[in-house]
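In my numbering, the protein residues as written are 532 to 732.
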Amino acid sequence: MKDNQFGCRINFESSEGKTALYSLEKLQKDGIGTIDRLPFSIRILLEQALRNVDDFQVCAEDVTALANWNAAEKSNQEIPYKPTRVILQDFTGVPAVVDLAALRSAMVAMNGDPSVINPRIPVDLVIDHSIQVDAFGSSGALKKNMEIEFVRNRERYEFLKWGKQAFDNFNVYPPGIGIVHQVNLETVATVVQSRDGVCFP
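Below is the structure:
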């Protein structure tokens, strides 16, 4: 990464020690765009582009284009997207873990180290799409439904438990905790993330 190509990385002391952020205010002061008029969703995309300029996946032109984004103008320019975390529910998450396991098998076949195959960013998988209602209308209904669910989905749950132990940056929320949106809002999501000494939305 061409760190601080726009000169917008600001270092400061926080309650957790030395940290930094990429300042959109500084970008605007330097005349790159009128950023304070942008919707917050575009500002978030702009900040992640600014933070990830590498002249390969994210170029300086991408930052400039986002800083000057105008809803009234059509553009064919792609917006680079570098997410900082991923949340999955089990319906789509299990195939992703299968793919990671297959990559590890391929690495073994090539005499490589399978432990290097991991998600690059944090991934949280919430099991909520396999729940069925068999028992209802009694105080023991939840317990009975959970017991049946674990029997029905044992193979998948054991596979996901293996994945949680085998892969770095991979966490699994078991059934019964809540639906993916609830778990995301109540447990996983943060307003500000911090990684490698840098704060970001």
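Heads up, the beta-carbon is just placed ideally off N, CA and C, and yes, glycines get one too.
Legend entry - Boundaries of the alpha helix (DSSP H) in which D593 is found, first to last residue: Taking the first residue of the sequence shown as position 1, residue 593 is located at position 62. Its alpha helix (DSSP H) spans residues 591-598.
Inset, instruction - May I have a chain-ordered list of the alpha helix (DSSP H) segments no shorter than 4 residues that lie completely inside the segment 641-692? - result: 672-683
Inset, instruction - Tell me Q540's beta-bridge partners as DSSP assigns them. - result: As a first step, residue 540 must be located in the sequence shown, where it is residue number 9. Note on identity: in this sequence residue 540 is Arg, with Gln being the wrong assignment. BP columns for R540 point to Y553.
Legend entry - Nonlocal neighbours in the same chain, by C-beta distance under 8 Å from N542, ignoring five residues either side: One-based indexing of the sequence shown puts residue 542 at position 11. These residues qualify, in order along the chain: K549, T550, A551.
Legend entry - In DSSP terms, what F731 is bridged to: Here residue 731 is taken as the residue at index 200 of the sequence shown, counted from 1. DSSP, once it has assigned bridges, lists Q724 as partnering F731.
Legend entry - Unbroken alpha helix (DSSP H) run spanning I710, endpoints: Residue mapping note: residue 710 aligns to position 179 of the sequence shown, counting from 1. Taken as a continuous stretch (DSSP letters only), I710 belongs to no alpha helix (DSSP H), as it is neither H nor E.
Inset, instruction - Label P570 either buried or exposed according to how many other C-beta atoms from any shown protein chain fall within 10 Å of its C-beta, with 16 as the threshold for buried. - result: As a working mapping, residue 570 is identified with position 39 in the sequence shown. When all chains shown are included, P570 counts as exposed.
Legend entry - DSSP state of S606 mapped onto helix, strand, coil: Here residue 606 corresponds to residue number 75 of the sequence shown, with the count starting at 1. Reduced to three states, the DSSP call for S606 is coil.
Inset, instruction - Counting only the same chain and skipping the five closest in sequence on each side, list residues whose C-beta sits under 7 Å from that of D699. - result: Your numbering for residue 699 matches position 168 in the sequence shown. These residues qualify, in order along the chain: N649.
Legend entry - Alpha-carbon spacing of A632 relative to S646, whole angstroms: As a position in the sequence shown, residue 632 is number 101, starting the count at 1. As a position in the sequence shown, residue 646 is number 115, starting the count at 1. So the two alpha carbons sit approximately 10 Å from each other.
Inset, instruction - Starting from L619, trace the beta strand (DSSP E) both ways and give me its first and last residue. - result: In the sequence shown, counting from the first residue as 1, residue 619 sits at position 88. That run of the beta strand (DSSP E) goes 617-620.
Inset, instruction - Return the first residue and the last residue of the alpha helix (DSSP H) that F701 is part of. - result: Walking along the sequence shown from the start, residue 701 turns up at place 170. Run containing F701: none in the alpha helix (DSSP H); it sits in the beta strand (DSSP E), 701-704.
Legend entry - N-terminal and C-terminal residue of the alpha helix (DSSP H) that E578 is part of: In the sequence shown, residue 578 corresponds to position 47, counting from 1. Looking at the DSSP string, the run of the alpha helix (DSSP H) that includes E578 is 571-582.
Inset, instruction - Leaving out five residues on either side along the sequence, give the residues of the same chain with a beta carbon under 6 Å from the beta carbon of K613. - result: What you label residue 613 is simply residue 82 of the sequence shown in a count that begins at 1. Only Q579, N583 meet the Cβ criterion.
Legend entry - Cα-Cα separation, D621 to L555: The sequence position of residue 621 within the sequence shown is 90, counting from 1. The sequence position of residue 555 within the sequence shown is 24, counting from 1. Those two C-alpha atoms are separated by around 36 Å.
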